[in-house]
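Trainee: Pasting a structure below so you can have a look.
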Amino acid sequence: QVQLVESGGGLVQPGGSLRLSCAASKSIFSIYDMGWYRQAPGKQRELVAGITSGGITNYADSLKGRFTISRDNAKNTLYLQMNSLKPEDTAVYYCNTYPVGLVAYWGQGTQVTVSS
């Protein structure tokens, strides 16, 4: 079983940037298609972006151009670069398999708060 640990969240002003990281516990990370998801208060969890094991990326339409997903298979790590952040980006961000997260792999997530 792979354990996923998200980090890099925090409080940022509108227009700011953050880079999230997701560290996987096993080297088999490289064979998985991976994604970032988020859940805002009172809302369902939604897919933010996905990346295949071969590096093909996909984004939620509303986030294209602001967020960039990437991966470093040598470090078993997934990243999400978030730019031009907006208050509506406030949520807990999770990483998991893509395009559907496996129940056993949901972690604690990392809180992102965009506020002035």
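Numbering (the working numbering), first residue to last: 3 to 118. Yeah, the Cβ is synthetic: ideal placement off N, Cα and C, and Gly gets one too.
Beta-carbon within less than 6 Å of residue 75's beta-carbon, same chain only, minus the 5 sequence neighbours each way: which residues are those?
Mentor: The answer, listed in chain order, is 32.
Trainee: Which residues in the same chain have their Cβ closer than 7 Å to the Cβ of residue 116, if we skip the five residues on either side of it in sequence?
Mentor: Around residue 116: 14, 16, 87, 88, 89, 91, 92.
Trainee: Could you name each continuous beta strand (DSSP E) segment of 3 residues or more that falls completely within the stretch 19-96, going from the start of the chain to the end?
Mentor: 20-26, 36-41, 48-53, 59-61, 69-74, 79-84
Trainee: With DSSP collapsed to three states, give me the class of residue 4.
Mentor: coil
Trainee: Leaving out five residues before and five after residue 65 in sequence, what residues of the same chain have Cβ atoms less than 8 Å from its Cβ?
Mentor: 50, 51
Trainee: To which residues of the same chain is residue 34 closer than 7 Å at the C-beta, ignoring the five residues directly before and after it?
Mentor: 55, 99
Trainee: Sort out for me which residues DSSP pairs residue 14 with in a bridge.
Mentor: 116
Trainee: Roughly how many whole angstroms lie between the Cα atoms of residue 46 and residue 77?
Mentor: 31 Å
Trainee: Starting from the C-beta of residue 107, find all residues in its chain whose C-beta is less than 7 Å away, skip the five residues before and the five after it, and write them out in chain order.
Mentor: 4, 6, 98, 99
Trainee: What is the rounded straight-line gap between the Cα of residue 69 and the Cα of residue 27?
Mentor: Distance from the CA of residue 69 to the CA of residue 27, rounded to the nearest whole angstrom, comes to 25 Å.
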